[in-house]
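Reading through the structure tokens given below for one structure.
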Amino acid sequence: MVRGLLLLASLWAAFILLACQKKQAASAQPSNAEIEGEWLYDNNCGECHENPQPDLHKQPPSLHGLFRRGSLPSGAPATAAQIRTTIIEGRGTMPAFDQRLREEDIDNLLTYLRTLN
Amino acid sequence: MKSRFALTSVILLLTLSVSCNRTRKYPLQGEVVAKNAATSEITVNHGDIPGFMAAMAMPYRVKDPAVIQELEPGDKIAAEVVVGKDPSDYWLEDVRITDESGRGKVKPPTAPQMLMPGERVPDFTLVNQDGRKIRLSDFAGKALLVTFIYTRCPMPKFCPRLSSQFARIHNELKKNPEDYGKTHLLTISFDPKYDTPAVLRKYGLAYLDGDEGGFSQWDFASTNPTDLRRLAKAFGLEYEEEQNQITHSMSIVLIAPNGTVAKFWSTNWTWTELLENLQHAAQAIGQRGK
């Protein structure tokens, strides 16, 4: 009976271990959209949104967990359409990225923003 | 029946093509100050062209190369400025010489140079966030702090910093009504294609925390590309547009109440230093009056 339980526990542990490895392997290989999105984020957004900016009139908010929270720093719902509009038109002291980022760039940025937690 | 349908279609198509290719025309009168046959351009010193351009000297393309051959600097001309569907595309048509007695007597315009402290600032006309024309000379008698930005600038150490620090200066000035009346802030965009009065208004309100009354103390303005180049040169600003991104230097200029340059700053400045200099220049107004 005890031997049977031990065997069951070992099998369960092996299963968990395998599952974790699989998950790690999946997260270690981001999609092309994520890679592109991260690059665009670092070069267009990160300088303000990742670093404190004491010289600026308003502190740019963190963009981590936008989709998890479900709302943007402005209080608007965190939808792809809303974020796209904010990127293109700017908001408050955030500059507009109109004519500077292509549609596919914004798609890739959105994909990356979903992974930022 | 068939032929009537065909005729109607042709008329409809013609009407559509005319309306799609519509251009606007404005009468121009002025004096040729330079000509460049290679680029088919003449520089004309002209009076106000209502609805299109304030009085100034600027280059215009002439469509017919034969016309360029006939023109000489010093000629007084009348012509039509034709503005295409894209407002940045304009040229001269129907150019007529009205007086050629001044031919050869005009000197080509010299390239403007950066002003030195103490030198008088030439008058420039700009259009502000309300779409209203303002002149630098409107602020004579006040200490005027001028800087240059473009609203889409994504570099936090450049335009966002300049506007943020100007906002701090504005908030400090508000605390002292005497300083407020003797000073003025002016932010000039070097991206007039994108920074329309409406865009500048929205941008300005973000730095004024939504207080429209703040525009009476702080204007956000721009002007046509030709005058911007002259203004930038005079104030030591460098800028170059490449694929919707503008590479630029920084320039902050303090203009004294008498309309001369008091001081320049580029990279090495703090908002408190700018404020102190602005207040100092403003205090001189009261002292002179006593």
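Sequence lines, in order, name chains R and L.
Sequence positions in the first sequence follow my numbering and run 1 to 117.
Sequence positions in the second sequence follow my numbering and run 118 to 407.
We put the beta carbon where it would ideally sit given N, CA and C, even for glycine.
Sequence-distant residues of the same chain with beta carbon closer than 8 Å to Ile286 (chain L), five excluded per side: These residues qualify, in order along the chain: Leu262, Leu302, Trp388, Leu391, Leu392 and Leu395.
Does the CB of Pro52 (chain R) have a neighbour CB from chain L at under 7 Å? Contacts with chain L at 7 Å (Cβ-Cβ) do not include Pro52 (chain R).
Does the CB of Thr85 (chain R) have a neighbour CB from chain L at under 7 Å? Among the CB atoms of chain L, none fall inside 7 Å of the CB of Thr85 (chain R).
Please state the DSSP three-state secondary structure of Tyr41 (chain R). The answer is helix: DSSP assigns Tyr41 (chain R) an H, G or I state.
Partners in chain R for Tyr324 (chain L), counting only beta-carbon separations shorter than 8 Å: Simply His57 and Thr93.
Backbone CA spacing between Pro60 (chain R) and Arg347 (chain L) [nearest angstrom]: C-alpha separation (whole angstroms): 35 Å.
If contact means a Cβ-Cβ distance below 9 Å, which residues of the region 359-382 of chain L contact chain B? This model lacks chain B altogether, as its protein chains are R and L.
Would a C-beta distance cut-off of 7 Å place Pro374 (chain L) and Gly235 (chain L) closer than the cut-off? Contact: no.
Put Trp386 (chain L) into one of helix, strand or coil per three-state DSSP. Correct three-state label for Trp386 (chain L): coil.
Amino acids of chain R, ordered along the chain, whose beta-carbon sits closer than 8 Å to that of Ala284 (chain L): Simply His57.
Nearest to Gly221 (chain L) by alpha carbon, out of L:Phe256, L:Lys152, L:Ser383 and L:Ala183? Of the candidates L:Phe256, L:Lys152, L:Ser383 and L:Ala183, the one whose C-alpha sits nearest the C-alpha of Gly221 (chain L) is L:Lys152.
Is it the case that the region 54-74 of chain R contacts the region 98-114 of chain R, given that we only count it when at least three CB pairs across the two stretches are under 8 Å? Touching, per the Cβ criterion.
If you scan the region 314-339 of chain L from start to end, which runs of the alpha helix (DSSP H) of 4 or more residues do you find wholly inside it? Scanning the region 314-339 of chain L for uninterrupted alpha helix (DSSP H) segments of 4 residues or longer gives 314-324, listed from N- to C-terminal end.
Let me make sure I understand the geometry here. Which of L:Ser368, L:Val238 and L:Glu355 has the alpha-carbon closest to that of Gly279 (chain L)? According to the sequence as given, residue 279 (chain L) is Leu; it is not Gly. Measuring from the Cα of Leu279 (chain L), the nearest candidate turns out to be L:Ser368.
What residues from chain R crowd round Thr268 (chain L), counting only those whose CB sits closer than 9 Å? Under the 9 Å cutoff, chain R gives Gly90, Pro95 and Ala96.
Measure the C-alpha to C-alpha separation of Asn44 (chain R) and Pro271 (chain L) and round it to an integer number of angstroms. Their backbone Cα atoms lie some 7 Å apart in a straight line.
So, are the CB atoms of Thr160 (chain L) and Val150 (chain L) less than 7 Å apart? Yes, these two residues count as a Cβ contact at 7 Å.
Just to confirm the assignment, what range does the beta strand (DSSP E) spanning His64 (chain R) have? That residue, His64 (chain R), is in no beta strand (DSSP E); it is neither H nor E in DSSP.
On the criterion of 16 or more Cβ atoms from any shown chain inside 10 Å, does Asn293 (chain L) qualify as buried, or is it exposed? It counts as exposed.
Opening and closing residue of the alpha helix (DSSP H) in which Ala78 (chain R) lies: Membership of Ala78 (chain R) in any alpha helix (DSSP H) is not indicated, and neither H nor E is assigned to it by DSSP.
If the cut is a Cβ gap below 9 Å, which residues of chain R does Pro167 (chain L) touch? Within 9 Å of the CB of Pro167 (chain L), no CB atom of chain R is found; the nearest one sits about 31 Å away.
Using the Cβ count rule (16 or more neighbours within 10 Å means buried), how would you classify Thr90 (chain L)? The requested residue 90 (chain L) does not occur in the structure, where chain L is confined to residues 118 to 407.
What three-state label does DSSP hand Phe97 (chain R) in the structure shown? In the three-state reduction of the DSSP assignment, Phe97 (chain R) falls in the coil class.
Mark Ser281 (chain L) as exposed unless 16 or more other C-beta atoms lie within 10 angstroms of its C-beta, in which case mark it buried. It counts as buried.
Report the neighbours of Asn44 (chain R) on chain L: residues whose CB is nearer than 8 Å to its CB, in chain order. Near Asn44 (chain R) (Cβ distances below 8 Å), the residues of chain L are Pro271.
What does the alpha-carbon distance come out to for the pair Arg213 (chain L) and Glu355 (chain L)? Rounded to whole angstroms, Arg213 (chain L) and Glu355 (chain L) show a C-alpha spacing of 38 Å.
Tell me which residues share the same chain as Tyr324 (chain L) and place their Cβ nearer than 6 Å to its Cβ, disregarding the 5 neighbours each side in the sequence. Here the set comprises Ser280 and Ala284.
Where Thr93 (chain R) and Gly201 (chain L) are concerned, what is the direct C-alpha to C-alpha distance, given to the nearest angstrom? Rounded to the nearest angstrom, the two C-alpha atoms are 34 Å apart.
For the region 311-320 of chain L against the region 229-249 of chain L, are there 3 or more C-beta pairs whose distance is under 8 Å? Because the criterion of three Cβ pairs below 8 Å is met, the region 311-320 of chain L and the region 229-249 of chain L touch.
What's the call for His57 (chain R), buried or exposed, on a 16-neighbour Cβ count within 10 Å? So His57 (chain R) counts as buried.
What does the alpha-carbon distance come out to for the pair Gly330 (chain L) and Pro277 (chain L)? C-alpha separation (whole angstroms): 21 Å.
Report, in whole angstroms, the separation of the C-beta atoms of Arg237 (chain L) and Thr377 (chain L), which I expect to be a contact under 8 Å. Contact between Arg237 (chain L) and Thr377 (chain L) is confirmed by a C-beta separation of about 5 Å, below the 8 Å threshold.
Tyr297 (chain L), enclosing alpha helix (DSSP H) - first and last residue: That run of the alpha helix (DSSP H) goes Pro294 to Lys299.
Nearest chain R C-beta to Arg318 (chain L) closer than 7 Å, yes or no? Taking CB atoms only, Arg318 (chain L) has no neighbour in chain R less than 7 Å away.
Which listed residue (L:Gly298, L:Phe307 and L:Tyr311) has its alpha carbon closest to that of Ser333 (chain L): For Ser333 (chain L), the nearest C-alpha among the options comes from L:Gly298.
In chain order, what are the residue ranges of uninterrupted alpha helix (DSSP H) at least 4 long that sit wholly in the region 259-295 of chain L? Listed in chain order, they are 276-291.
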